[in-house]
Ligand SMILES: [Fe+2]
Ligand SMILES: [Fe+2]
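Here it is as structure tokens:
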């Protein structure tokens with residue numbers, strides 16, 4: 005009997021609460037929404053600056069990782085890091101051009117990542133490339149398309165595809181790191197999109213269609 009009384013009171017309270025909520029004036033509900041902090045929208049210029057800083061830092065980081073790989077006897081990994089560094093340079097130079105077109109100034113602060121063992125450095129690099137290719141560049145590309153900025157869109161599209169290739173290389177090296185000892189090893193880098201291959205298999209880049217005879221050799 006007592007339990008039933010409590011249950012009935014609880015039901016009554018809940019009903020009163022719902023009725024009160026439904027009765028809220030519409031303008032008050034709007035005020036609640038407006039009071040929440042507005043997300044500041046990132047423009048393509050903001051995104052180009054972020055990408056420029058990211059690529060500049062990746063370039064510096066990979067050169068340090070290459071030195072460490074050489075010291076540890078992973079000569080082929082060292083070559084891979086140097087090839088990826090060259091690719092990141094291609095990316096940041098392209099971003100700089102688009103930043104200038106939009107009236108901005110390309111400027112990046114280089115913050116050095118800690119240099120650890122080659123295995124750990126490869127893991128760090130893989131994480132960065134995966135983030136850039138699956139999250140950062142795809143979202144930047146959407147914004148550039150929204151702004152009808154074809155130059156920036158093309159940069160972001162090419163970079164996303166090239167970073168995915170870099171990630172694949174790092175994964176391959178991590179899978180059987182011992183096989184990457186010795187070296188060096190020659191890699192070919194596309195001067196337009198930063199694609200990295202070890203063997204040229206066709207007349208043009210699989211990402212951007214640049215003729216492969218223009219590819220840059222990095223050892
Ligand atoms: Fe990369
Ligand atoms: Fe390319």
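Numbering (this note's numbering), first residue to last: 5 to 223. Using N, Cα and C, we set each Cβ at its ideal position, and we do this for glycine too.
Across the structure, residue 190 and residue 45 are spaced so that their CA atoms are roughly 43 angstroms apart. Contact annotation: residue 211 and residue 192 have beta-carbon atoms that are not nearer than 8 angstroms.
Proximity of the beta carbon of residue 99 to ligand 1 is not indicated: no heavy atom of the ligand is located closer than 7 angstroms. Counting only residues of its own chain and dropping the five nearest sequence neighbours on each side, residue 56 has a CB closer than 7 angstroms to the CB of 96, 99, 100, 103, 110 and 112. Relative to ligand 2, the beta carbon of residue 214 is positioned inside 7 angstroms of a heavy atom. Contact check for residue 136 and residue 58: beta-carbon distance about 7 angstroms, within the 8 angstroms limit, so the pair qualifies. Beta-carbon to beta-carbon, residue 122 and residue 183 are separated by about 13 angstroms, too far to satisfy the 8 angstroms threshold. Residue range 191-193 is occupied by the beta strand (DSSP E) that includes residue 192. Remark: the C-beta of residue 199 is in contact range of ligand 2, defined as less than 7 angstroms to any heavy atom.
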